[in-house]
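Have a look at the structure below before the remarks.
There are 4 protein chains.
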Amino acid sequence: MSKSAAPGRPRSESARAAVLHAVDDLLVETGYAAMTMKGIAERAGVGRQTVYRWWPTKAHILIEACADDARGELTIAAHADPVRMITEFLVTLAQFLTASPAGAAYRALLGEAQHDGEVGTLLAAADILGAPARVVLDRLAPTLPGLPQDRLAVAELCGPIVFLVITGDTPPSRRDLRAQAQRLVTTWA
Amino acid sequence: MSKSAAPGRPRSESARAAVLHAVDDLLVETGYAAMTMKGIAERAGVGRQTVYRWWPTKAHILIEACADDARGELTIAAHADPVRMITEFLVTLAQFLTASPAGAAYRALLGEAQHDGEVGTLLAAADILGAPARVVLDRLAPTLPGLPQDRLAVAELCGPIVFLVITGDTPPSRRDLRAQAQRLVTTWA
Amino acid sequence: MSKSAAPGRPRSESARAAVLHAVDDLLVETGYAAMTMKGIAERAGVGRQTVYRWWPTKAHILIEACADDARGELTIAAHADPVRMITEFLVTLAQFLTASPAGAAYRALLGEAQHDGEVGTLLAAADILGAPARVVLDRLAPTLPGLPQDRLAVAELCGPIVFLVITGDTPPSRRDLRAQAQRLVTTWA
Amino acid sequence: MSKSAAPGRPRSESARAAVLHAVDDLLVETGYAAMTMKGIAERAGVGRQTVYRWWPTKAHILIEACADDARGELTIAAHADPVRMITEFLVTLAQFLTASPAGAAYRALLGEAQHDGEVGTLLAAADILGAPARVVLDRLAPTLPGLPQDRLAVAELCGPIVFLVITGDTPPSRRDLRAQAQRLVTTWA
DNA sequence: GCTTAAGCGAGACGGTACGTCTGGTCTTACT
DNA sequence: AGTAAGACCAGACGTACCGTCTCGCTTAAGC
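Protein chains in written order, with this note's numbering: chain A, 1 to 189; chain B, 1001 to 1189; chain C, 2001 to 2189; chain D, 3001 to 3189.
Written out as structure tokens, the structure is:
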């Protein structure tokens, strides 16, 4: 059965892409707080109504713009050694949060989520950190019988680093991260 | 040496208190995003200039309004048993973040800090979670030789719970927190 | 000789009628200022492009919609007595301007003409008041040798009443109109 | 008894004057339809809120801007000869309506009044044409016993010329106006 | 007791983003 | 080709809040 086309002019894919690009650019150039729907529309060369037609807030645009990037940057290769695997993940996570544009977007969204519950819901659904973390944990599960319930394991894995970064602390060194990975393996053994 | 009084009318303590109360009230009533400097001034029955004279942004007011409350709510009694002590702290922390007005303020400020670096600096200086956490850790230090560097220990202690709460997850149960405390003690032994 | 058909789908008479009706209805329901091209199209159940294809502005539609009605309402029976004839015309004119939908449209168009020269030109061409007035004057011409130049006579005949109505004054009574007719006849004798 | 000053910063007279000047200028430069509240604010170098704070629509500004000018331009010297006096008034009126900026404003407002009843009320209250007309009529009253009721006399005096001008006709010549003045005197004698 | 200086409330100021609306244009599929 | 639908860019709408500024008035310290 073929899908019947909707009447009227179809959505402009170029306008959609222009908005998503504009949001990416503006985030790094001016920061989240200085981003405005008006500015996004102008930067994208798009009518404001077109922006409002498809996204209710700048946070929604940002989620759509950055979710894929984010996930791509957080996939890591498999390693036989649990400590090494966890270390790799922690290093990648720290790198993502502190140096990647997508990570900056994630931090901004995490911040916005504290002010706007709907953004929180959307961000939770995107599961940007949880999904990659679970990939790692699932690989380790056979060798680590002491792993706690899923969401708690994710929190113990990601929480400390996220906490350091969002509280403005300098991110931990690779040596520190290796030590923490070692502790996690010991703990979960 | 006595401090020489400044000339002119002294600062009105009642105006200061009215603003701080207004901020507390508005945060729970309307949320951080809907709070405005104008609304705060009106709610406090105070001129807008008076607010701007003493605080540059609503975040600054909120920090002043809630820091003391926050710290008061996070002090816990000493226990000989490390596991019990850590459990108590984790339970208190979870309670603070999810149920206390001061905790709501802290989350809002943590969110704002992701958008505004100055708020981040101020919040880091207030050290709202770090100070109480360090009190606990200092008490435990003699019996836990494996404790990592201060800030990392704080991150491992607080990070997982903070992560759960700010990502919108339901906070862990007391049983879960006890298990996590147990793991931390094992890890740091 | 038969008229050669234009290529393509012929203009939809039903769409045209629907638009003209919609304009009539909207004028009395919401007033001229609240009428929009979009609203007209939606009320007529017609695409917006179809409206724009045939009329450039709502004023153009309104002229087309109301001109015929207007003229029909301003034709009066012949009378031998000049005073009676003029009185009848003045009463009919006052009635038209204050009570008829077509009169309301005329007033709205006269208003728009002050803002938009093109509407003024169109409205002048439609000659909505002038034509009926001239019918009356032409009938009276043989018995009133003092009649001034055509357009001035029309102005003296219609001007005072139009002035009263558009300045928001209450329209004159039949007695007043009869007296004015009497004065005009005296003047033009 | 001295008037107690209102609290707060007093209204800026310079802002008020700037807005009124901007409206005057924009009317002649771009016409009434193209005038916008935004454009007025920008032209006046004034915040938009300041405009909205004191005037609800551009029509209200225009009435305030032009009423005084208008009245000044419509006062005429006294003459013993009724025909000459009326002629002078008619010439002045025609000049005002066709050549004066204030007259252009009056025409625009008269147009707007057909779309917006509140403007009609305000314009009627300003009595821009009526007041000067009544000055003339009051002077003539002793010598013209046949003058009808005030508002009807004003309508017979001003109506024909206003009608000619707003219907887009060329204004009458001085000779025509003299003839019309003569007829009015005959009629009212 | 008078002067000086700063804080106080109120509220207008010039700006700017908000989210909505309409204007005209365009691009579809259908008739 | 004409039509209804509806997305497109553009820009004005009226509102809200921004942070600043002017008011008249307190309230103290210091002369």
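Ideal Cβ placement from N, Cα and C applies to all residues, glycine included.
Values in this document were obtained by computation on a predicted structure and should not be read as measured data.
Whole runs of the alpha helix (DSSP H) within the region 3010-3039 of chain D, excluding any shorter than 4 residues:
3013-3030
With DSSP run on the structure shown, which of helix, strand or coil describes threonine 2092 of chain C?
As a working note, residue 2092 of chain C is residue 92 in the third sequence. DSSP places threonine 2092 of chain C in the helix class (H, G or I) of the three-state scheme.
Helix, strand or coil, according to DSSP, for glycine 1045 of chain B in the structure here?
Counted from its first residue, the second sequence places residue 1045 of chain B at position 45. Coil, per DSSP.
Is valine 2136 of chain C near phenylalanine 2096 of chain C, with beta carbons less than 8 Å apart?
To locate residue 2136 of chain C, count along the third sequence from 1; it is residue 136. To locate residue 2096 of chain C, count along the third sequence from 1; it is residue 96. Not closer than 8 Å, so no.
Can you list the residues of chain D that glutamine 2049 of chain C reaches, using a CB-CB cut of under 8 Å?
As a first step, residue 2049 of chain C is located in the third sequence; it is residue number 49 there, counting from the start. Correct list: empty, because the minimum Cβ distance to chain D is about 24 Å.
Listed from N- to C-terminal order along the chain, which residues in the region 33-63 of chain A have their beta-carbon within a distance smaller than 8 Å of any beta-carbon of chain B?
Cβ proximity to chain B below 8 Å picks out Ala33 from the region 33-63 of chain A.
Look at the alpha carbon of alanine 2078 of chain C and the alpha carbon of arginine 2134 of chain C, and state the distance between them as a whole number of angstroms.
Residue 2078 of chain C sits at position 78 when you count from the first residue of the third sequence. Residue 2134 of chain C sits at position 134 when you count from the first residue of the third sequence. Roughly 13 Å separates the two Cα atoms.
Counting Cβ pairs closer than 8 Å, one from the region 97-109 of chain A and one from the region 26-33 of chain A, do we hit at least three?
yes
Roughly how many whole angstroms lie between the Cα atoms of lysine 3058 of chain D and isoleucine 3166 of chain D?
Along the fourth sequence, one-based indexing puts residue 3058 of chain D at 58. Along the fourth sequence, one-based indexing puts residue 3166 of chain D at 166. Whole-angstrom Cα-Cα distance: 21 Å.
Taking a cut of 8 Å between CB atoms, which residues from the region 2094-2108 of chain C lie near chain D?
Arg2107 and Ala2108
DSSP three-state assignment for leucine 2097 of chain C, whether helix, strand or coil:
Locating residue 2097 of chain C in the third sequence gives position 97, where the first residue counts as 1. Note: leucine 2097 of chain C maps to helix in three-state DSSP.
Three or more C-beta pairs below 8 Å linking the region 1148-1161 of chain B and the region 168-187 of chain A
yes
Hey, out of C:Arg2175, C:His2021 and C:Asp2024, whose CA is closest to valine 2091 of chain C's CA?
Looking up residue 2091 of chain C in the third sequence gives position 91. Restricting attention to C:Arg2175, C:His2021 and C:Asp2024, the CA atom closest to the CA of valine 2091 of chain C is found in C:Arg2175.
Just how far apart, CA to CA, sit glycine 1024 of chain B and cysteine 1066 of chain B?
What you label residue 1024 of chain B is simply residue 24 of the second sequence in a count that begins at 1. What you label residue 1066 of chain B is simply residue 66 of the second sequence in a count that begins at 1. The displayed chain sequence assigns aspartate, not glycine, to residue 1024 of chain B. The alpha-carbon atoms of aspartate 1024 of chain B and cysteine 1066 of chain B are separated by roughly 8 Å.
C-alpha distance - isoleucine 1128 of chain B paired with aspartate 1138 of chain B, whole-angstrom precision
Here residue 1128 of chain B is taken as the residue at index 128 of the second sequence, counted from 1. Here residue 1138 of chain B is taken as the residue at index 138 of the second sequence, counted from 1. In a straight line, the C-alpha of isoleucine 1128 of chain B is about 16 Å away from that of aspartate 1138 of chain B.
Proximity to glutamate 64 of chain A [Cα-Cα], best of A:Leu147, A:Pro160, A:Ala141 and A:Ala126:
In the first sequence, residue 64 of chain A corresponds to position 64, counting from 1. Here the closest residue by C-alpha is A:Ala126.
Anticipated Cβ contact below 8 Å, arginine 1011 of chain B with leucine 1026 of chain B, distance rounded:
Here residue 1011 of chain B refers to the residue found at position 11 of the second sequence. Here residue 1026 of chain B refers to the residue found at position 26 of the second sequence. Not quite, the Cβ-Cβ distance comes to about 22 Å (not below 8 Å), so this is no contact.
Just confirm the distance between the C-beta atoms of tryptophan 1955 of chain C and glycine 2130 of chain C, as a whole number of angstroms; I'd bet it's less than 8 Å.
Past the boundaries of the shown model lies residue 1955 of chain C; chain C is included only from 2001 to 2189, so the question cannot be answered.
With 9 Å as the C-beta to C-beta threshold (strictly closer), list the residues of the region 2149-2161 of chain C near chain D in chain order.
Gln2149, Arg2151, Leu2152, Val2154, Ala2155, Glu2156, Leu2157, Cys2158, Gly2159, Pro2160 and Ile2161
Threonine 3121 of chain D versus alanine 1104 of chain B: straight-line alpha-carbon distance, rounded
As a first step, residue 3121 of chain D is located in the fourth sequence; it is residue number 121 there, counting from the start. As a first step, residue 1104 of chain B is located in the second sequence; it is residue number 104 there, counting from the start. Rounded to whole angstroms, the separation of the alpha carbons of alanine 1104 of chain B and threonine 3121 of chain D is 54 Å.
Is aspartate 169 of chain A close to chain B? Criterion is C-beta to C-beta, closer than 8 Å.
Along the first sequence, one-based indexing puts residue 169 of chain A at 169. Interface residue, yes.
Contact check, proline 1082 of chain B vs leucine 1140 of chain B under 8 Å by CB: the rounded distance?
One-based indexing of the second sequence puts residue 1082 of chain B at position 82. One-based indexing of the second sequence puts residue 1140 of chain B at position 140. With a Cβ gap of about 5 Å, proline 1082 of chain B and leucine 1140 of chain B count as contacting.
Going by C-alpha to C-alpha distance, which of C:Pro2160, C:Leu2093, C:Pro2056 and C:Ala2080 sits closest to leucine 2074 of chain C?
In the third sequence, counting from the first residue as 1, residue 2074 of chain C sits at position 74. Selection C:Pro2160, C:Leu2093, C:Pro2056 and C:Ala2080 evaluated against leucine 2074 of chain C yields C:Leu2093 as nearest (Cα-Cα).
May I have the straight-line CA-CA distance separating alanine 1050 of chain B from alanine 3006 of chain D, to the nearest angstrom?
Here residue 1050 of chain B refers to the residue found at position 50 when the second sequence is read from its first residue. Here residue 3006 of chain D refers to the residue found at position 6 when the fourth sequence is read from its first residue. This sequence places threonine at residue 1050 of chain B; alanine is not what is there. Rounded to the nearest angstrom, the two C-alpha atoms are 20 Å apart.
Leaving out five residues on either side along the sequence, give the residues of the same chain with a beta carbon under 8 Å from the beta carbon of proline 171 of chain A.
By one-based count along the first sequence, residue 171 of chain A stands at place 171. For proline 171 of chain A, where only same-chain residues beyond five positions count, the Cβ hits under 8 Å are Ala94, Leu97, Thr98, Ile161, Leu164 and Val165.
When you compare the CB of histidine 1115 of chain B with every CB in chain A, is at least one pair closer than 8 Å?
Within the second sequence, numbered from 1, the residue matching residue 1115 of chain B stands at position 115. Interface residue, yes.
Between which two residues does the alpha helix (DSSP H) containing glycine 2120 of chain C stretch?
Within the third sequence, residue 2120 of chain C is the residue found at index 120, counting from 1. Looking at the DSSP string, the run of the alpha helix (DSSP H) that includes glycine 2120 of chain C is 2117-2126.
Which same chain residues, not among the five before or five after valine 2046 of chain C, have their C-beta less than 7 Å away from its C-beta?
Within the third sequence, the letter at position 46 stands for residue 2046 of chain C. Taken in chain order, the residues that qualify are Ala2015, Ala2018 and Val2019.
Alpha helix (DSSP H) containing alanine 1006 of chain B: first to last residue?
By 1-based counting over the second sequence, the position of residue 1006 of chain B is 6. Element bounds for alanine 1006 of chain B: n/a, residue is neither H nor E.
Spatially closest choice to serine 2173 of chain C from C:Ala2080, C:Leu2144, C:Thr2087 and C:Arg2048, by CA coordinates:
Position 173 of the third sequence, counted from the start, is the residue given in the question as residue 2173 of chain C. If we check each option's Cα against that of serine 2173 of chain C, C:Thr2087 comes out closest.
Counting only beta-carbon atoms, is arginine 183 of chain A nearer than 8 Å to chain B?
Position 183 of the first sequence, counted from the start, is the residue given in the question as residue 183 of chain A. Judged by the 8 Å Cβ criterion, arginine 183 of chain A is in contact with chain B.
Spell out whether any CB of chain A is found under 8 Å from the CB atom of glutamate 1073 of chain B.
Indexing the second sequence from 1 puts residue 1073 of chain B at position 73. Closer than 8 Å: no.
Of all Cβ atoms in chain C, is any one closer than 8 Å to the Cβ of proline 3172 of chain D?
Working through the fourth sequence from its first residue, we reach residue 3172 of chain D at position 172. Yes - at least one Cβ of chain C is within 8 Å of the one on proline 3172 of chain D.
Chain C beta carbons: is any one of them nearer than 8 Å to that of phenylalanine 3089 of chain D?
Locating residue 3089 of chain D in the fourth sequence gives position 89, where the first residue counts as 1. No, phenylalanine 3089 of chain D does not count as interfacial toward chain C.
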